[in-house]
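S.K.: Once you've had a glance at the structure underneath, I'll fire off some questions.
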Amino acid sequence: MKPAKITVSRDGLLTSRSLTADITDTVPTAQRLVKEHFGRRPLTAVEVVVTSTNRIAMLATMAQGVAAGLKQRACAGKTLTLTSRPNDLYSVAVIAPDNTVRVLVNAARLRRRETEIGATLVWAFVEVDQLCRKGAWDHRIALTRHELGVNVLPKPKARALYRIEAGWEAEAEKVTGQIVGKVIRQNRQAEAAAEREAAGTTASQGAA
C-alpha cells in the first residue's frame, strides 16, 4: 500500500513561513511514528494547514460542513464543538471535501520548539488515524450536521456521539504521550551511547 498523500500549506499572510517550513520538515517523522504505533497508514489524503487562532474555527466549520454535504452559506458564522476554544488548540483534525482529512495547526500556540512541534503533529496524526477508521467518517458527518442545525439528533444519540469524541481525545492524549516518551528515551540512550564511545576513544588515545 502506498503512503497517503500529505501536503502542507500556509493560511494567512501573517502565518510564519519559518514555522511552516519546520512543520513541513517534521510531518514525515510524525506520520511515520504514528504509523509504526498503529501498524497502518492513513487511508486518505491529508492536508496540513498552518493557520492563525482566529481562523481555525471558521476553517474547521467550512471543511466539515462541505464534507457533510452542506453549502458554505449554511456554515458561515457557526462554530463546531471541536473548535469552540480555539485559544487552547494546538491542532485539530477534521474531515474535508474530496475525502481528505485536514489538519489545522494553530501557529500562535507553537514557538518553533522541536519537541512542541513534534508532539503536536503526533497528536494530529493520531486524530487522522481515528478519522480513517471504519464508521468514523459517518460519525463525524452526523455530528457536524447536528451541530450546524441541519439534522438535529435526539439527545441520547447526540450524547453517544460526544462520548465517542471524548474517547478519541483521551486516546490521542495517551498515544501521544507513549510515542513522545519512547522518542525521548531513545534519544537519551543514543546520547549516552555516544558519550560512552567518546569517553572510550579519549581513554584509548591517552593510553597510546
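Residue 0 is where the sequence shown starts when you use numbering that gives the first Met the number 0, and the numbers rise one by one after that.
Yeah, the Cβ is synthetic: ideal placement off N, Cα and C, and Gly gets one too.
Owing to the predicted nature of the structure, the values given are computational and were not obtained by experimental measurement.
(1) Check whether the Cβ of VAL49 lies closer than 7 Å to any heavy atom of the ligand GTP, and answer yes or no.
(2) Can you say whether LEU12 is buried or exposed, counting buried as having 16 or more other CB atoms within 10 angstroms of its CB?
(3) Determine, using beta carbons only, whether ILE178 and VAL121 come nearer to each other than 8 Å.
(4) Taking ASN105 as part of the beta strand (DSSP E), name the residues at either end of that continuous run.
(5) Per the contact definition of three or more C-beta pairs closer than 8 Å, is the segment 42-53 in contact with the segment 137-153?
(6) In chain order, what residues of the same chain have a beta carbon less than 6 Å from the beta carbon of THR23, not counting five sequence neighbours either side?
(7) Considering only the alpha carbon of each residue, which of CYS74, LEU18, LYS34, GLY38 lies closest to ARG144?
(8) Measure the CB-CB distance between GLU46 and ALA95 and report whether it falls below 8 Å.
(9) How big is the Cα-Cα spacing for MET0 and ALA198?
(10) Return the first residue and the last residue of the beta strand (DSSP E) that GLN43 is part of.
M.R.: A quick look at the data gives this:
(1) Inclusion of the ligand GTP in the displayed structure is not the case, the ligand content being empty and no account of it being possible.
(2) exposed
(3) yes
(4) 99-105
(5) no
(6) VAL7
(7) CYS74
(8) yes
(9) Low per-residue confidence applies at MET0: pLDDT is 47, beneath 50, and the placement is therefore not dependable enough to give any value.
(10) Contrary to the premise, residue 43 reads as Thr rather than Gln in this sequence. Careful: THR43 lies outside any beta strand (DSSP E) and carries neither H nor E.
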